[in-house]
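Here's the structure, in structure tokens; my notes come after.
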Amino acid sequence: MASTPFVTLASALVEAMGQRLDAAKPTPEGLALRTSDGFLYSFLEDPNTVSLETIRQLLGGEGNVLVRLVVLTPGHLPLAFSQEITNHGGTIVEGARFGELARQLGLETYLGQEPRPPPKEARRLLPSAQQLDGIMHRARTWLDWGVPALALRFYRQATELKPGFLPARVGVGRALLGIGLIDDADRAFDEVLAVRPDDLEARLGKGAVLGARARPKEEVAAYRKLLAEDGSRAEVHAHLLAALIELGDWAGAKTEIEALLTKTPEESQLRFLRSEALMRTGDKAKGQEERLEARRLGLTYEREAALCKHLGRPPPEPPAAPATAASSAAAPALKKRPSPKKARRRPTPPPTPAKAPAQTPSPGPSARKAPRKRK
2 MASTPFVTLA SALVEAMGQR LDAAKPTPEG LALRTSDGFL YSFLEDPNTV SLETIRQLLG
62 GEGNVLVRLV VLTPGHLPLA FSQEITNHGG TIVEGARFGE LARQLGLETY LGQEPRPPPK
122 EARRLLPSAQ QLDGIMHRAR TWLDWGVPAL ALRFYRQATE LKPGFLPARV GVGRALLGIG
182 LIDDADRAFD EVLAVRPDDL EARLGKGAVL GARARPKEEV AAYRKLLAED GSRAEVHAHL
242 LAALIELGDW AGAKTEIEAL LTKTPEESQL RFLRSEALMR TGDKAKGQEE RLEARRLGLT
302 YEREAALCKH LGRPPPEPPA APATAASSAA APALKKRPSP KKARRRPTPP PTPAKAPAQT
362 PSPGPSARKA PRKRK
């Protein structure tokens with residue numbers, strides 16, 4: 002049975018998120034809560050005590066009620082369980098992100114930690130504005146982290162606090178789109194445009210809805226129309242780039258990449274996409290050079306592998322493992338032998354920015370060769 006402190010923490014998290022509950026019940030693994038908007042939040046204290054059958058029961062909902070599952074745990078689910086959840090449209094918040102959620106909601110003491118001091122800029126705001134600012138920050142963070150189910154909860158919390166706040170209503174649409182509720186997202190964007198017809202974020206959302214409905218040519222046309230009105234909008238270029246890549250129009254994508262690189266020439270992910278566009282449009286040698294340049298500018302192996310996966314490419318070769326003490330000790334004995342080529346070492350990358358460029362895809366095999374083995 003789950004411990005009392007964990008059940009208390011789970012209850013506090015739900016209360017701090019402003020959830021409206023239809024049903025709640027303790028489980029052997031933790032706590033299960035069904036909300037009025039069709040989500041089932043399952044808190045699991047120790048994922049190692051959970052069976053695959055338990056996960057499948059959660060995915061099936063409770064009785065005949067179809068729910069969207071969100072699993073939250075301070076531990077880490079086995080890979081097979083994670084795949085089962087994500088393959089069925091569920092969401093996972095585990096490990097460090099579970100702790101971050103608690104800290105965002107001011108529940109550090111439940112984790113045995115000191116409370117965070119409020120940011121300096123927040124101290125200058127009125128309490129209501131400070132509260133709204135905090136909720137919107139949490140919503141954007143979880144959307145950027147690829148957890149739209151939690152982002153939706155916080156965007157809705159913001160709209161309850163200030164119903165006329167259009168950025169929160171646009172956020173609701175983006176989060177709904179992220180979890181696959183396309184019609185609901187479309188209505189959310191329409192409601193914003195009814196109040197402010199020229200709202201750029203809502204118009205971008207309408208374009209994304211076309212893409213989600215498998216109408217990529219219309220999506221591209223929507224973004225091009227926005228650029229015809231104002232060609233300096235970098236966010237529109239980014240959305241257009243993602244749509245062109247999804248459409249497979251690499252010649253058009255290359256043009257947009259070049260436009261974005263004029264403003265951020267050292268953006269490593271854009272340089273990576275430029276390498277992919279070059280290789281797909283016939284200039285493989287230049288594309289390989291760009292790939293190496295992207296790594297030099299700080300593209301991490303993990304981010305490159307994620308981009309490759311998005312583009313349906315094989316992952317790059319992992320970085321060479323550092324030499325062991327044993328191999329270093331044996332080095333003098335090999336002095337007279339010809340030394341193998343050294344593997345190219347990638348510089349230590351800077352921290353990954355919180356907000357990555359719009360839905361960027363991923364490339365192919367790495368250009369680097371592994372060092373030759375000694376005979």
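Just so we're on the same page, this note's numbering is the position in the sequence shown counted from 1, plus 1. Every residue, glycine too, gets a C-beta built ideally from N, C-alpha and C. Given the structure is predicted, the values throughout are model-derived calculations rather than measurements.
So, residue i versus residue j, is the Cβ gap smaller than 9 Å?
| i | j | result |
| --- | --- | --- |
| Glu95 | Leu70 | no |
| Arg188 | Ala152 | no |
| Ala209 | Glu220 | yes |
| Glu46 | Gly76 | yes |
| Ile86 | Leu60 | yes |
| Phe44 | Ala97 | no |
| Ala235 | Leu261 | yes |
| Leu1 | Ala13 | Because the chain spans 2 through 376 in this model, residue 1 falls outside it and cannot be assessed. |
| Ala19 | Arg154 | The residue you asked about is not Ala; residue 19 is Gly in the sequence shown. In contact: Gly19 and Arg154 (Cβ atoms closer than 9 Å). |
| Glu305 | Arg297 | no |
| Leu167 | Asp200 | yes |
| Pro319 | Cys309 | no |
Out of curiosity, what's the CA-to-CA distance linking residue i and residue j?
| i | j | result |
| --- | --- | --- |
| Pro128 | Leu34 | 30 Å |
| Thr28 | Arg281 | 52 Å |
| Asp23 | Gln132 | 26 Å |
| Ser276 | Lys287 | 7 Å |
| Ala243 | Glu257 | 10 Å |
| Pro149 | Gly179 | 6 Å |
| Thr9 | Glu303 | 36 Å |
| Gly206 | Arg197 | 14 Å |
| Leu194 | Thr55 | 43 Å |
| Asp185 | Ser233 | 30 Å |
| Ala3 | Pro164 | 38 Å |
| Leu279 | Trp251 | 8 Å |
| Trp143 | Tyr42 | 16 Å |
| Ser52 | Thr265 | 48 Å |
| Tyr111 | Ala307 | 34 Å |
| Phe7 | Glu30 | 10 Å |
| Pro217 | Glu268 | 26 Å |
| Glu230 | Met137 | 29 Å |
| Ile183 | Ala321 | 43 Å |
| Leu312 | Phe99 | 29 Å |
| Thr263 | Gly283 | 22 Å |
| Leu78 | Gly147 | 18 Å |
| Leu177 | Ala254 | 27 Å |
| Gly135 | Gln158 | 11 Å |
| Gly249 | Asn49 | 42 Å |
| Ala81 | Gln58 | 15 Å |
| Arg21 | Ser37 | 6 Å |
| Pro315 | Pro118 | 44 Å |
| Arg225 | Leu241 | 7 Å |
| Val191 | Gln84 | The displayed chain sequence assigns Asp, not Val, to residue 191. Straight-line Cα distance between these residues: approximately 34 Å. |
| Ala130 | Thr160 | 13 Å |
| Gly39 | Glu259 | 43 Å |
| Leu300 | Thr5 | 44 Å |
| Gly113 | Tyr156 | 28 Å |
| Lys285 | Thr92 | 38 Å |
| Leu32 | Asn88 | 23 Å |
| Ala239 | Asp145 | 15 Å |
Since residue i and residue j are thought to touch, with beta carbons under 8 Å apart, how far apart are those beta carbons, to the nearest angstrom?
| i | j | result |
| --- | --- | --- |
| Val237 | Leu227 | 5 Å |
| Gly172 | Ala140 | 5 Å |
| Leu106 | Ala17 | 4 Å |
| Gly212 | Gly90 | That pair is no contact at about 18 Å. |
Can you give, in chain order, each stretch of the alpha helix (DSSP H) that sits fully within the segment 83 to 152 and has at least 4 residues?
97 to 105, 121 to 124 and 128 to 145
Count the CB pairs spanning the segment 291 to 308 and the segment 269 to 276 that are closer than 8 Å, and state whether there are at least three.
yes
For the segment 234 to 282, list the alpha helix (DSSP H) runs that are entirely contained and at least 4 residues long, ordered along the chain.
235 to 248, 251 to 262 and 269 to 281
Counting only runs that start and end within the segment 33 to 65, where is the alpha helix (DSSP H) found for 4 or more residues in a row?
53 to 60
Which parts of the segment 137 to 225 are runs of the alpha helix (DSSP H), unbroken and 4 residues or longer, counting only runs that do not cross its ends?
149 to 162, 167 to 179, 183 to 196 and 201 to 213
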